[in-house]
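Read in order, the letters of the sequence shown correspond to residues 2 to 597 in my numbering. We put the CB at the ideal spot given by N, CA and C, even for glycine. This structure is a prediction, so every number in the text was calculated from the model and none was measured. Here is the structure we will look at.
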Amino acid sequence: MAKYSPEIREAAKRLYLRRWTPEEIRLELGFPNSRIIYYWADKNSWRDMLREEEVDEAIARRVVLLTGIADKTPNQIKELDMLIEKHVKLKKQRATLERAAAGEQDSQHSTVKGKGSSEKAQPKGKRKGGKSKNDVSHLEADDFDIWVDSLFKYQKLMREVKNDPTLPRTRNVLKSRQIGFTYGCAGEAFEDAVLTGENQIFISATRAQAEVFRSYIVKIARQFFELELTGNPIVLSNGAELHFLATSSNSAQSRSGNVYIDEYFWIRDFTKVSAVVSACATQTRFNKTYFSTPSAKNHPAYPFWTGDQWKGDNSSRQFVEFPSDNELKDGGRVCADKQWRYIIDVETAVAMGCHLIDPKELQEEYSPEVYSNLYMCEFVDDTASVFKFNALTKLMFDASKWQDFNPLDARPFGNREVWLGYDPSRTRDNACLVVVAPPIGEKEKFRCLERHYWRGLNFQHHVNEIEKTFARYNVTYLGVDTTGIGAGVWDTIHDLHPREAVAIHYSNENKNRLVLKMIDVVEGNRLQLDQEMKDLPAAFMAIKRGMSGSGNMMTFKADRSDKVGHADGFWALSHAIINEPLNYLHKRTSSWAMQS
2 MAKYSPEIRE AAKRLYLRRW TPEEIRLELG FPNSRIIYYW ADKNSWRDML
52 REEEVDEAIA RRVVLLTGIA DKTPNQIKEL DMLIEKHVKL KKQRATLERA
102 AAGEQDSQHS TVKGKGSSEK AQPKGKRKGG KSKNDVSHLE ADDFDIWVDS
152 LFKYQKLMRE VKNDPTLPRT RNVLKSRQIG FTYGCAGEAF EDAVLTGENQ
202 IFISATRAQA EVFRSYIVKI ARQFFELELT GNPIVLSNGA ELHFLATSSN
252 SAQSRSGNVY IDEYFWIRDF TKVSAVVSAC ATQTRFNKTY FSTPSAKNHP
302 AYPFWTGDQW KGDNSSRQFV EFPSDNELKD GGRVCADKQW RYIIDVETAV
352 AMGCHLIDPK ELQEEYSPEV YSNLYMCEFV DDTASVFKFN ALTKLMFDAS
402 KWQDFNPLDA RPFGNREVWL GYDPSRTRDN ACLVVVAPPI GEKEKFRCLE
452 RHYWRGLNFQ HHVNEIEKTF ARYNVTYLGV DTTGIGAGVW DTIHDLHPRE
502 AVAIHYSNEN KNRLVLKMID VVEGNRLQLD QEMKDLPAAF MAIKRGMSGS
552 GNMMTFKADR SDKVGHADGF WALSHAIINE PLNYLHKRTS SWAMQS
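Below you can see the structure in the form of structure tokens.
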């Protein structure tokens with residue numbers, strides 16, 4: 002049996018505990034077969050570690066993994082659908098056990114309308130006679146009690162606010178990623194549609210997320226109410242329509258109902274979409290729910306969140322105080338603009354019952370600022386940044402529309418050439434590798450096909466990962482920063498690929514060339530980033546203006562300390578794209594220039 006380094010074994014263990022299959026781990030780490038993974042699992046009791054986890058936690062991890070894949074195979078779509086169904090089923094089972102432990106089951110049997118009484122022995126949704134499509138006529142308010150019991154405390158709080166007539170009809174929530182907001186909002190919207198007959202409109206940042214909303218509603222109806230919902234939109238027997246739309250505002254025109262707008266801080270045309278959302282919920286009986294992870298302070302939605310949009314130029318409103326972040330985290334607050342605002346970060350979510358996430362593990366996987374942005378609800382301030390968030394949003398693209406790229410194929414990009422950029426750590430043991438498709442012709446753009454972060458692994462593992470990328474793609478160029486751990490990677494990778502590997506030495510002049518090239522590409526709108534790679538805009542915004550050490554030249558800097566590590570993605574991209582000359586076809590239009 003081949004000898005593997007402790008770093009490789011640790012990488013395999015982490016993937017195993019994240020519910021990757023042995024075959025998936027084999028492919029990821031380049032093992033000749035999966036026997037070694039089974040051996041390690043037995044010898045080191047990895048299976049016992051898995052048994053200590055909740056089953057629904059494992060399902061949630063797998064759902065997150067599959068949802069993040071832009072171009073899913075039919076089998077992955079089928080698996081995601083099955084996992085969502087199992088996830089909802091387990092939530093129902095847990096809620097049932099908790100109700101039984103609280104002694105509520107006996108009281109249910111004693112009531113005339115009890116869910117377990119003999120009069121209701123026939124399953125819901127399977128009534129005799131001619132049943133109409135998506136029939137919900139038999140469901141009543143107390144039928145939803147067991148679903149409510151499946152919610153975490155913050156999800157219950159959201160529902161209570163929606164159902165309280167004394168509170169505003171607009172909820173505005175800043176949230177951590179992956180804490181179950183889709184499940185909670187999907188269920189409460191279905192409950193509202195059943196009990197009131199009102200339409201429900203879901204507007205998501207991506208089509209994939211909109212479909213996840215629909216999947217949760219279908220599974221909630223099946224598992225909690227034995228009801229099969231069909232159609233898209235879903236039209237219930239009481240006339241309520243459930244629409245699942247992407248961010249194209251035109252798709253929501255002329256509709257009315259309760260509106261949920263997801264990840265609104267990542268919507269490029271927020272002002273336009275928000276106007277349509279408001280129009281859909283014009284009537285006072287309709288609710289509006291905005292929720293998102295934060296992006297940057299100069300996003301068009303930021304004044305909407307802070308209340309500055311409401312204040313406008315009205316002098317009487319300028320000194321109206323809005324609640325602090327700490328107050329918004331403490332159960333939410335009603336604000337002067339008649340919005341209920343709430344902040345729920347990942348650590349608060351865990352404290353309120355969300356057992357599906359380990360914040361410490363996230364802190365190991367992400368740099369501190371990325372963790373703060375995506376999980377602790379902190380905005381990125383790009384005031385001093387070279388790259389502005391509004392310009393970067395124009396680069397974000399739905400990668401599933403790239404017809405010539407399939408990340409799950411053995412050769413994802415066929416025989417077309419790609420360029421690689423590798424950025425090592427200077428102060429931390431992590432690194433970033435990107436795969437970039439250079440443009441063919443003037444109409445094409447650079448495309449970031451893949452990006453990988455490695456943390457806690459030695460340089461030999463980085464070399465192995467780069468080698469796997471060479472095996473999958475037609476690599477014609479690899480830019481390697483030879484600083485720090487990069488020197489060890491360079492020594493090995495240059496011997497393996499002497500024609501493709503190019504060393505990049507970080508002098509002030511070379512660093513300025515890298516940034517100027519990226520400015521040229523961004524200002525020329527010649528780059529596309531997968532919209533699921535939300536860490537990359539943050540990486541760009543970490544690049545600041547500064548002065549050289551001698552103080553006589555403007556330069557560009559990124560704090561490469563432990564507190565700002567997410568510039569790795571930017572530098573890796575620059576190492577790849579610099580393979581194209583700065584003045585590649587025509588004179589650069591950028592107004593940036595360096596002082597000699």
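Rounded to the nearest angstrom, the gap between the Cα atoms of H498 and H463 is 15 Å. Under the three-state reduction of DSSP output, V174 falls in the strand class. Cβ contact annotation for F182 (same chain, cutoff 7 Å, sequence separation greater than five): K176 and F292, in chain order. Within 10 angstroms of the beta-carbon of E451 lie 16 or more other beta-carbons, which makes it buried. Taken through DSSP and simplified to helix, strand or coil, T307 comes out as helix. Nearest C-alpha to S133 among V236, S46, F287 and R172: V236. Taken atom to atom, the span from the alpha-carbon of R256 to that of P166 is near 23 Å. For S575, the enclosing alpha helix (DSSP H) stretches over residues D569 to I578. In this structure, V335 lies away from K289, with their beta-carbon atoms at least 7 Å apart. In the DSSP assignment, I204 falls within the unbroken beta strand (DSSP E) covering Q201 to I204. R473 and P408 have their C-alpha atoms spaced approximately 10 Å apart. Comparing alpha carbon positions, the residue from Q532, R36, T248 and V219 closest to K395 is Q532. Uninterrupted alpha helix (DSSP H) stretches at least 4 residues long and entirely within the segment 227 to 300 occur at 271 to 281, given in chain order. Using a Cβ-Cβ distance cut-off of 8 Å, the segment 298 to 316 and the segment 374 to 393 are in contact, since at least three pairs of beta carbons, one from each stretch, lie closer than that value.
Runs of beta strand (DSSP E) with 3 or more residues, each lying fully within the segment 392 to 446, are found at 418 to 424 and 431 to 438, listed in chain order. Between K330 and I344, the gap from beta carbon to beta carbon is short of 7 Å.
Three or more Cβ pairs closer than 8 Å define a contact, and the segment 341 to 359 meets that threshold against the segment 147 to 156. Residue environment for V174: buried (at least 16 other C-beta atoms within 10 angstroms of its C-beta). Taking a 10 Å sphere around the C-beta of Y423, we find 16 or more other C-beta atoms and assign the residue as buried. G185 is not bridged by DSSP to any residue. Proximity to A577 across P439, F471 and S279 peaks at P439, based on C-alpha coordinates. Looking at the backbone, the Cα of V277 and that of K469 are separated by about 47 Å. Looking at the DSSP output, Y507 sits in no beta bridge, so it has no partner there. Assignment of W21 by DSSP, reduced to helix, strand and coil, places it in the coil class. In the DSSP assignment, L528 falls outside any alpha helix (DSSP H) and within the unbroken beta strand (DSSP E) covering L528 to D531.
Here DSSP, grouped into helix, strand and coil, assigns N76 to helix. Under DSSP, no beta-bridge partner is assigned to G525.
When the alpha-carbon of V351 is set against those of K339, F225 and Y376, the nearest one is in Y376. The three-state reading of DSSP puts I180 in coil, since its state is none of H, G, I, E or B. Listed in chain order, the non-local C-beta contacts of P295 below 7 Å within the same chain comprise L175, F266, N374, C378, E379 and F380, local neighbours out to five positions each way being set aside. Contact between the segment 312 to 328 and the segment 192 to 204 is absent, with fewer than three C-beta pairs closer than 8 Å. A check of alpha carbon separations from V436 across L528, K298, V516 and A241 identifies L528 as the nearest. Secondary-structure assignment with DSSP links I344 through a beta bridge to L175. By the neighbour-count criterion, in which 16 or more other beta carbons inside 10 Å mark a residue as buried, M542 falls on the buried side. Of all alpha-carbon atoms in R27, K157, E227 and M519, the one lying nearest the alpha-carbon of G332 is that of K157.
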